[in-house]
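Converting from the sequence shown to the numbering used here requires adding 145 to each position, the first position being numbered 1.
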Amino acid sequence: MWVYRDIKDGDMPTVQVRKFSDIGPVIKAVREGRAVRQEDLAEQLAFSRDYLIDLEKGKGSLYLTRLFRTLNELGITVTLRYPSSDGEASDGDA
């Protein structure tokens with residue numbers, strides 16, 4: 146589940162990520178906000194569109210699942226920072 150909250154540095158949204166599957170919707174929203182097609186992004190990244198679709202759906206490997214379990218158990222947070230569609234940077238916390 147991701148949660149948005151405003152931060153003072155340019156009123157950028159913060160996304161709280163607790164598990165890998167929470168990252169997928171962020172990837173998709175940023176891609177769509179930039180009007181980038183899945184095919185184009187996958188080609189640019191040199192992997193298949195199907196792999197990108199899986200990422201956007203939040204399908205992670207066992208490794209990623211265990212990584213996020215470990216982070217959560219230790220109280221470690223992860224911050225996603227990305228430019229918004231208008232060019233300003235946005236933050237996401239996990």
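In this text, a Cβ means the ideal position worked out from N, Cα and C, and glycines have one as well.
Go ahead and label residue i buried or exposed: buried means 16 or more other beta carbons lie within 10 angstroms of its beta carbon, across all protein chains shown.
i	result
D167	buried
L225	buried
E177	exposed
L197	buried
E240	Given that the chain is displayed from residue 146 to residue 239, the structure contains no residue 240 and the question cannot be resolved.
V181	exposed
Please determine, among the options, the residue with the shortest C-alpha to C-alpha distance to residue i.
i	options	result
D199	E184, G169 and Q161	G169
F165	T222, I221, T210 and A174	T210
G203	G220, Q161 and V171	V171
So what does DSSP say about residue i, is it helix, strand or coil?
i	result
S166	helix
G220	coil
K204	coil
G194	It should be pointed out that residue 194 corresponds to Arg in this sequence rather than to Gly. In the structure shown, R194 sits in a helix (DSSP, three-state: H, G or I).
Q189	helix
Q161	coil
| Below 8 Å, can you find three or more Cβ-Cβ pairs linking the stretch 206-217 to the stretch 183-191? | Touching, no.
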